[in-house]
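Participant: Its first residue numbered 7, the sequence shown is counted upward by one per residue in this note's numbering. For glycine and all other residues, C-beta sits at the position ideal for the given N, C-alpha and C. The structure's right below; bear with me while I get my questions together.
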Amino acid sequence: MKPVLLAAVFAAVSAPAYAQSTGPAPLPLPPAIEVPQDKPYPGLIKLSIDATDLDRRIFRVRETVPVAASGPMTLLFPMWLPGNHSATGQLDKLAGLIITANGKRLEWVRDPVAVAAFHVDVPTGVKVLELEFQHLSPTATDQGRVVVTQEMLNLQWNNMLLYPAGYFSRQISIEAQVKLPNGWNYGTALEASAIAGDTVTFKAVGLDTLVDSPIFAGRYFKKIDLDPGGRSRITLNMMADEAYQLDISPTQLQAHRNLITQADRLYGARHYDHYDMLLALTDRMGGIGLEHQRSSENGSNPRYFQDWDKLPTARDLLPHEYTHSWNGKYRRPADLWTANFNVPMRGSLLWVYEGQTQYWGYILAARSGLLTKQEALDAIASTAATYDHRIGRVWRQMSDTTNDPVIAQRRPQGWTSWQRSEDYYSEGQLIWLDADTLIREKPGVPNPSILLPRHFLGSMTATGVS
Ligand SMILES: [Zn+2]
7 MKPVLLAAVF AAVSAPAYAQ STGPAPLPLP PAIEVPQDKP YPGLIKLSID ATDLDRRIFR
67 VRETVPVAAS GPMTLLFPMW LPGNHSATGQ LDKLAGLIIT ANGKRLEWVR DPVAVAAFHV
127 DVPTGVKVLE LEFQHLSPTA TDQGRVVVTQ EMLNLQWNNM LLYPAGYFSR QISIEAQVKL
187 PNGWNYGTAL EASAIAGDTV TFKAVGLDTL VDSPIFAGRY FKKIDLDPGG RSRITLNMMA
247 DEAYQLDISP TQLQAHRNLI TQADRLYGAR HYDHYDMLLA LTDRMGGIGL EHQRSSENGS
307 NPRYFQDWDK LPTARDLLPH EYTHSWNGKY RRPADLWTAN FNVPMRGSLL WVYEGQTQYW
367 GYILAARSGL LTKQEALDAI ASTAATYDHR IGRVWRQMSD TTNDPVIAQR RPQGWTSWQR
427 SEDYYSEGQL IWLDADTLIR EKPGVPNPSI LLPRHFLGSM TATGVS
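Set out below in structure tokens:
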């Protein structure tokens with residue numbers, strides 16, 4: 007340190023506490039974005055997506071937003087996404103935004119702090135804003151998850167809409183429409199109101215439901231009723247890179263139907279009016295496992311059915327995501343629920359949301375035959391062995407890892423055991439294993455046939471479990 011600077015430090019320390027220093031002073035921040043209110047947004051937003059550009063992988067968006075008054079208005083791009091538990095909205099892939107009203111272009115200004123907010127000044131007499139933009143989905147894996155191939159696409163509405171600030175998501179009604187590639191089939195939890203050629207219009211829903219209801223669409227597509235004649239419709243919607251990969255054997259089909267039966271026995275209630283399992287069998291589109299209340303997005307090996315015996319690690323995904331319809335969606339940790347998609351989420355209870363789901367995912371997989379009992383035992387034993395040597399436990403509690411979706415966003419790590427990484431999943435799973443076995447040891451508790459014996463962790467050996 008240079009002597010002159012040292013002298014300046016001493017001068018500052020010895021000065022009275024109220025004295026102002028010399029040097030730059032901060033500019034005030036711009037006004038905060040409107041806090042969402044629980045009141046209906048006036049009018050119906052209409053959203054139209056052209057999803058046919060498979061070569062460029064570009065989704066073209068047109069949106070009409072009714073406005074009730076002239077003056078300043080803020081439109082938001084969804085950033086805080088359920089299931090991701092963090093601000094992972096793909097704002098960088100929004101391009102070409104042009105807003106018009108009564109045929110005249112309106113200038114927009116991006117908020118310099120809340121950069122997913124676009125400010126416009128609505129002229130007097132304007133009743134509707136017309137928006138046009140594109141979602142430039144990744145053309146290579148280094149840009150993010152590839153969601154369009156020549157054979158399939160995964161449309162997530164949150165990537166291709168703007169919505170008005172100041173309202174709860176559920177109070178904003180949207181009627182969405184999508185044009186799919188010629189001859190493709192699709193699956194989604196949304197209900198169609200009209201189909202004209204390859205264009206599907208869906209019944210209007212709240213913004214929260216729309217974002218919770220993505221689409222899988224594909225050239226090779228198969229739908230299977232998993233609960234014929236059941237109390238609510240449950241459909242397995244499958245798409246694949248090649249047609250033969252959709253061939254499911256009677257035994258494999260029965261295991262997927264058993265999942266529904268076993269979940270009914272475990273949970274009793276169904277936390278949806280219908281459910282669409284979306285399953286992509288591909289190594290061309292990016293992988294995914296993302297829960298929703300009436301559907302789930304699942305990606306698996308293209309030879310999921312053909313190489314069934316070689317891929318046990320792929321077979322707990324559907325039970326995991328299906329469990330989330332209840333644990334995470336129908337019931338959600340209070341601090342994780344947000345009024346709209348631009349309010350920060352807090353994940354303090356992810357060890358319940360993900361940890362318990364991880365536990366029941368394995369149990370249901372074993373009970374349905376998606377995994378053998380031994381495969382489930384081996385998987386949990388492997389998890390327990392991992393935490394025998396998780397050295398990061400000496401400085402960081404598992405509960406602190408519930409901040410990892412915000413801190414790390416699943417970036418690669420150099421020192422996973424020391425840093426820890428979303429350990430609320432698997433270490434959380436072991437907590438719920440212990441809770442379950444404790445309950446079953448109580449006198450009078452029926453059904454002692456738990457998958458695993460009590461004190462499982464203590465009885466583990468180096469080669470697995472007994
Ligand atoms: Zn999960």
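According to DSSP, simplified to helix, strand and coil, what is residue 10?
Facilitator: Confidence at residue 10 is low in this model, with a pLDDT of 46, below 50, so its placement is unreliable and the value that follows should be read with caution. Helix at residue 10.
Participant: Does ligand 1 have even one heavy atom less than 6 Å from the beta-carbon of residue 360?
Facilitator: Yes; taking the cut-off as 6 Å, the Cβ of residue 360 has a heavy atom of ligand 1 nearer than that.
Participant: Can we say the stretch 169-183 touches the stretch 208-218, given the rule of at least three CB pairs closer than 8 Å?
Facilitator: Yes, since at least three Cβ pairs between the stretch 169-183 and the stretch 208-218 fall closer than 8 Å, the two stretches touch.
Participant: Any heavy atom of ligand 1 closer than 6 Å to the beta-carbon of residue 389?
Facilitator: Answer for residue 389: no, Cβ out of range of ligand 1.
Participant: Kindly give me the distance between the Cβ atoms of residue 253 and residue 241, rounded to whole angstroms, as I take these residues to be in contact under 8 Å.
Facilitator: Not quite, the Cβ-Cβ distance comes to about 18 Å (not below 8 Å), so this is no contact.
Participant: Name the DSSP beta bridge partners of residue 302, please?
Facilitator: Looking at the DSSP assignment, residue 302 forms a beta bridge with 283 and 297.
Participant: How would you call residue 335, buried or exposed, if buried means at least 16 neighbouring beta carbons within 10 angstroms?
Facilitator: That one is buried.
Participant: Report all residues from its chain with a CB closer than 6 Å to the CB of residue 206; omit the five preceding and five following residues, and keep chain order.
Facilitator: Closer than 6 Å at the Cβ level, and outside the excluded window around residue 206, lie 184 and 198.
Participant: Between the alpha carbons of residue 381 and residue 389, how many angstroms are there, rounded?
Facilitator: Going from the Cα of residue 381 to the Cα of residue 389 covers about 12 Å.
Participant: Does the beta-carbon of residue 55 have 16 or more other beta-carbons within 10 angstroms, so that it is buried, or is it exposed?
Facilitator: That one is buried.
Participant: Look at the alpha carbon of residue 454 and the alpha carbon of residue 359, and state the distance between them as a whole number of angstroms.
Facilitator: Residue confidence is low: residue 454 scores 48 on pLDDT, short of 50, so the model does not pin down where it sits. Its coordinate-derived value is still stated next. Spanning the two alpha carbons is a distance of roughly 25 Å.
Participant: In whole angstroms, what is the alpha-carbon distance linking residue 115 and residue 84?
Facilitator: So the alpha carbons of these two residues sit roughly 17 Å apart.
Participant: So, with DSSP's three-state summary, where would you put residue 424?
Facilitator: In this structure, residue 424 counts as helix in the three-state DSSP scheme.
Participant: So the beta strand (DSSP E) residue 200 belongs to, where does it begin and stop?
Facilitator: Here the beta strand (DSSP E) through residue 200 covers 198-202.
Participant: Where does residue 66 fall in DSSP's three states?
Facilitator: It is a strand residue.
Participant: Report the three-state DSSP secondary structure of residue 121 (helix, strand or coil).
Facilitator: The answer is coil: DSSP assigns residue 121 none of H, G, I, E or B.
Participant: Below 8 Å on the Cβ atoms is my guess for residue 474 versus residue 294; work out the distance and round it to an integer in Å.
Facilitator: Residue 474 lies beyond the stretch modelled for the chain, which goes from 7 to 472, so this question has no answer here.
Participant: Please state whether the Cβ-Cβ distance between residue 120 and residue 40 is less than 7 Å.
Facilitator: No, the pair does not count as a contact, with Cβ atoms beyond the cut-off.
Participant: CB-CB under 7 Å to residue 415, same chain, minus the five flanking residues each way: which ones, in chain order?
Facilitator: Around residue 415: 92 and 94.
Participant: Spell out the partners DSSP gives residue 337 in its beta bridges.
Facilitator: For residue 337, which the question treats as bridged, DSSP gives the partners 333.
Participant: Whole angstroms are fine: how far does the CA of residue 80 sit from the CA of residue 130?
Facilitator: Each residue's alpha carbon lies about 16 Å from the other.
Participant: By alpha-carbon positions, which one of 53, 144, 353 and 75 ends up nearest to residue 97?
Facilitator: Closest by alpha carbon: 144.
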